[in-house]
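Protein chains: 10
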Amino acid sequence: MLFLVQMEVRIPHDLDPAAADDLRARERDVAQAIQRDGRWPHLWRVAGRYANVSVFDVDSPDELHALLSSLPLFPFIDARVTPLARHPSAIDHETAAAFEQASAAERRERR
Amino acid sequence: MLFLVQMEVRIPHDLDPAAADDLRARERDVAQAIQRDGRWPHLWRVAGRYANVSVFDVDSPDELHALLSSLPLFPFIDARVTPLARHPSAIDHETAAAFEQASAAERRERR
Amino acid sequence: MLFLVQMEVRIPHDLDPAAADDLRARERDVAQAIQRDGRWPHLWRVAGRYANVSVFDVDSPDELHALLSSLPLFPFIDARVTPLARHPSAIDHETAAAFEQASAAERRERR
Amino acid sequence: MLFLVQMEVRIPHDLDPAAADDLRARERDVAQAIQRDGRWPHLWRVAGRYANVSVFDVDSPDELHALLSSLPLFPFIDARVTPLARHPSAIDHETAAAFEQASAAERRERR
Amino acid sequence: MLFLVQMEVRIPHDLDPAAADDLRARERDVAQAIQRDGRWPHLWRVAGRYANVSVFDVDSPDELHALLSSLPLFPFIDARVTPLARHPSAIDHETAAAFEQASAAERRERR
Amino acid sequence: MLFLVQMEVRIPHDLDPAAADDLRARERDVAQAIQRDGRWPHLWRVAGRYANVSVFDVDSPDELHALLSSLPLFPFIDARVTPLARHPSAIDHETAAAFEQASAAERRERR
Amino acid sequence: MLFLVQMEVRIPHDLDPAAADDLRARERDVAQAIQRDGRWPHLWRVAGRYANVSVFDVDSPDELHALLSSLPLFPFIDARVTPLARHPSAIDHETAAAFEQASAAERRERR
Amino acid sequence: MLFLVQMEVRIPHDLDPAAADDLRARERDVAQAIQRDGRWPHLWRVAGRYANVSVFDVDSPDELHALLSSLPLFPFIDARVTPLARHPSAIDHETAAAFEQASAAERRERR
Amino acid sequence: MLFLVQMEVRIPHDLDPAAADDLRARERDVAQAIQRDGRWPHLWRVAGRYANVSVFDVDSPDELHALLSSLPLFPFIDARVTPLARHPSAIDHETAAAFEQASAAERRERR
Amino acid sequence: MLFLVQMEVRIPHDLDPAAADDLRARERDVAQAIQRDGRWPHLWRVAGRYANVSVFDVDSPDELHALLSSLPLFPFIDARVTPLARHPSAIDHETAAAFEQASAAERRERR
């Protein structure tokens, strides 16, 4: 099941710079590991902010909390979670995926 | 380019029911047409609310506004728009897509 | 899985009184049916407001949305949903249930 | 009587780590003691946040304040309290409990 | 036990004037009856607003909700409830009452 | 004249503990002195928070500010002030006081 | 004593136009009468809004409420009231008045 | 032209006390100088807060910013600025000034 | 002098459609006239909303209010006004204009 | 494409003064470089605040984020981004520019 997670990151300015760098490096590793196993399918930067918009695909709120609280930057993250349901007007996802590939190709040409 | 759009829909209770039904039917048609041409790649329902979380893929804010204001329910939608940028920790998308398919299969088995 | 749902109900004052009464009667029936099948384990009134605090036990956000949008008063409800996870300091629930029964008895005597 | 308590915990990042660990350990002990005596019947983690949703069962706001201010982390907790009343559509609790046990069993089979 | 209740009243402008007058007259009667039986010890107008600050003295949140929802204007009242506890720096109330009477007399002379 | 004052207290965690204890002790002394001279007739704790709800009886906003800024914890207090007027539905206060005493006695018996 | 009053005016669009015009005309008369008797020393329009910033000079919150609730537009006004005290850095007002006249003259020349 | 400026002052508790005293003393000097030259005609304390309500009379937003950013406490001030226009119901200011003097005299007698 | 004005437009859904069309047509004419005389140098649509971001160049807040309140849609506009000052890091505007033309040309080629 | 960016700057008071000065000097250099290459066409100070209102002209949200996160003060900036679209009532920009020059000349004479 899917959850929208909107994270704001606020690293205290007086944190030891080496510790902060280490946290960020480990954050990146953990974030990529979770993406690779398919549970963090979308991760975007909010333009202009140290913040992101994410979608997680997990089996339960327990699993979601386990993932988020395993992030090295968790103590400095303000996360708002929104549970997502299937939208009645969403087109069939498999069909859509085909359309998307085709149209992405078309649009690339158009640009 | 991608924009997160969070829409709340508030149809006035004293709108003529037939007019409201017609609006909703046309909204669905327009929403599906935009999904099919690849410019509305994600559309989720916010659980418990007459609201959605969407991601649009357009060439400009002008195109985004043209799409949103073409929605039949636009007069009753409160939309907040967040421009999205690529996240430095996001894994390569093509690679990720492959991982995702593989792991989605695995996870389906696990359940 | 559990979701906290905080609902505010705002029935428009110019709704036909008979229609409003009918909505409320049907709301009560639906609410009790969902409670009886075990998916709405907690329902409390917020003191002083036409509002409630609820906990739902469902299998997914999809099921949660299906339940909430089936409520006759849904068009007039503003619901905020919070996904709940197990708390690391929560005592074992079965054990706790036994304690709770025992201590509830004790406390009744004390009053 | 019941009170919904929504707590956000914010431990300052520059607190001595040993002191913080000690606080958390003592918090856990106190929280479990209050749960065991039946006055903290529900304690859930808010998924994605260092926060919880709780229900307390106490004899008065005085008792509630005494409990909450006895928590070792109290200086770092932002608690919002909502007094709860019986909901007119809540089904009889004893009956409900029976239903709940039966249906929980059924649902476990269904999964 | 005491609850602070802060009420904002918003009577729709298109309510029938006679019905509104009737509501206000009955509101006054009910409010005075509850004051007389000692359960609404403080009722003040917020200067400049159709709003009040109240303190209720009841035995439970259930009783508080029963009182508030019995107000004829309840459908048009937005009430925020804050449970109050004894303050550790509050002076003994009986002693204080004596002091208060004495000093009120003194202050009246001073003016 | 009366003013509702809602105070939140936030003592910085890195304040010297002895200094903080001293501040709190002096705060208590000053608060009780102002209560004793009749200018702080109501002081309640907000259940669950380091906060209070107060009513002050002073001759002017100048006197109110003088009192509040004399509190030793003033630099750490966030105070919101609401001027109170007599409510048209408030029953005569002298009469009410008599009723209140009588009914308080009755209610004590009832419990 | 002085109170800052910030008023937003929201006249419902479906109010009878003649009734609205009458309200506005009477509002103007009442506002000017209160200004003339010295109790509404400052009245400014908030640029760009149907709103004003006012300072009232009255003997009590009771008098303030009596004035504000006598405004014909009171049912459509959202007023926030802030009690004002003398500022320790404000220069002596009589002296200041003299300075002000002199410097206003100078500045007029400068322009 | 006039601007309403609402300032909240938040001096960090860990600022060197001598430096803070010096800032406050210099703030007072600068504030009085600006008042004397007629550009800060109104300065009031918000009762109960380290905050003020001010009206500035300047020739432009540039001049306003120059004044405010010259305040020694500027780094610790949160200022919200509202541009003020002449109100159509404000009585003629010269006439009003005469009335005000006369009525202030009357009111002084009345007290 | 410059003012940022952020306008949200909310036309009531039950306004007569012909009246609404007429308002919008006249709004457009008035908006273009003010742009042509140089006092509304910037007017942008907020993508996804019936809202705009504007910059006005006027001689005073009085002139700004006169312009805004002359808009036919003024009764349905919620406008927030921010006075703008010259920024110390802004490059010289004449120089900048030259740079801008040159670089706009370059960028057009680049696309 | 254009983005409105509203930035609040909050430099921690305990940052080393030399480091802060250096940050501000480098911020100015970077800001002017981006203005010179045409991608930051508008930069205004918010009167009374350490804040600015900016318009950026970039090819994508990615480019916008790259620019903003390259600012030396980025860790201390709270930026809200609003994507801007062409407004249907905006007059033709080339025509408008001619009008603007002419009318700016006229207005300069008028002053």
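Protein chains in written order, with the working numbering: chain A, 1096 to 1206; chain B, 1096 to 1206; chain C, 1096 to 1206; chain D, 1096 to 1206; chain E, 1096 to 1206; chain F, 1096 to 1206; chain G, 1096 to 1206; chain H, 1096 to 1206; chain I, 1096 to 1206; chain J, 1096 to 1206.
The beta-carbon is built from N, C-alpha and C at its ideal position, and this holds for glycine as well.
Cβ distance (whole Å) where residue i is taken to contact residue j below 8 Å
i       : j       : result
L1159/G : P1178/F : 7 Å
A1180/H : A1142/G : 5 Å
A1126/I : W1135/I : 7 Å
P1183/G : H1108/E : At roughly 45 Å, the Cβ-Cβ gap does not stay under 8 Å, so P1183/G and H1108/E are not in contact.
Run of the alpha helix (DSSP H) containing residue i, from where it starts to where it stops
i       : result
I1129/A : 1112–1131
L1099/C : First-last for L1099/C: 1097–1104, but that is the beta strand (DSSP E), not the alpha helix (DSSP H).
H1182/J : Taken as a continuous stretch (DSSP letters only), H1182/J belongs to no alpha helix (DSSP H), as it is neither H nor E.
H1160/B : 1156–1164
First and last residue of the uninterrupted beta strand (DSSP E) at residue i
i       : result
S1149/E : 1146–1152
H1137/G : 1137–1141
9 Å Cβ cutoff, residue i in contact with chain G
i       : result
R1123/H : yes
P1156/H : no
Residue-chain proximity (residue i, chain J), Cβ-Cβ < 9 Å
i       : result
G1143/A : yes
V1104/I : no
V1148/H : no
L1166/B : no
Other residues of its chain near residue i: CB distance less than 6 Å, five sequence neighbours each side excluded
i       : result
L1110/J : none
D1173/G : E1103
A1115/F : I1106
Cut-off 8 Å between Cβ atoms - residues of its own chain near residue i, not counting five sequence neighbours on either side
i       : result
H1137/D : V1148, S1149, V1150
V1153/F : M1096, F1098, R1134, L1159, L1162
L1168/A : V1104, I1106, L1118, R1119, E1122
Q1130/E : P1136, L1138
R1144/A : E1103
D1157/D : none
Test: residue i CB closer than 9 Å to a CB of chain A
i       : result
H1160/C : yes
P1112/C : no
Any C-beta of chain C under 9 Å from that of residue i
i       : result
D1109/B : yes
P1170/A : no
A1126/D : yes
Chain H within 9 Å of residue i, Cβ atoms only
i       : result
R1175/J : no
R1134/J : no
L1097/I : yes
C-beta neighbour in chain E for residue i, strict 9 Å
i       : result
L1118/F : no
R1131/C : no
9 Å Cβ cutoff, residue i in contact with chain I
i       : result
R1057/G : No answer is possible for residue 1057/G: it lies beyond the span of chain G, which begins at 1096 and ends at 1206.
Interface flag, residue i vs chain D, CB-CB below 9 Å
i       : result
L1163/C : no
Same chain only: Cβ atoms within 7 Å of residue i, ignoring 5 sequence neighbours per side
i       : result
R1175/F : Q1101
R1140/C : N1147
is_contact[residue i, chain F] using C-beta, thresh 9 Å
i       : result
A1185/E : yes
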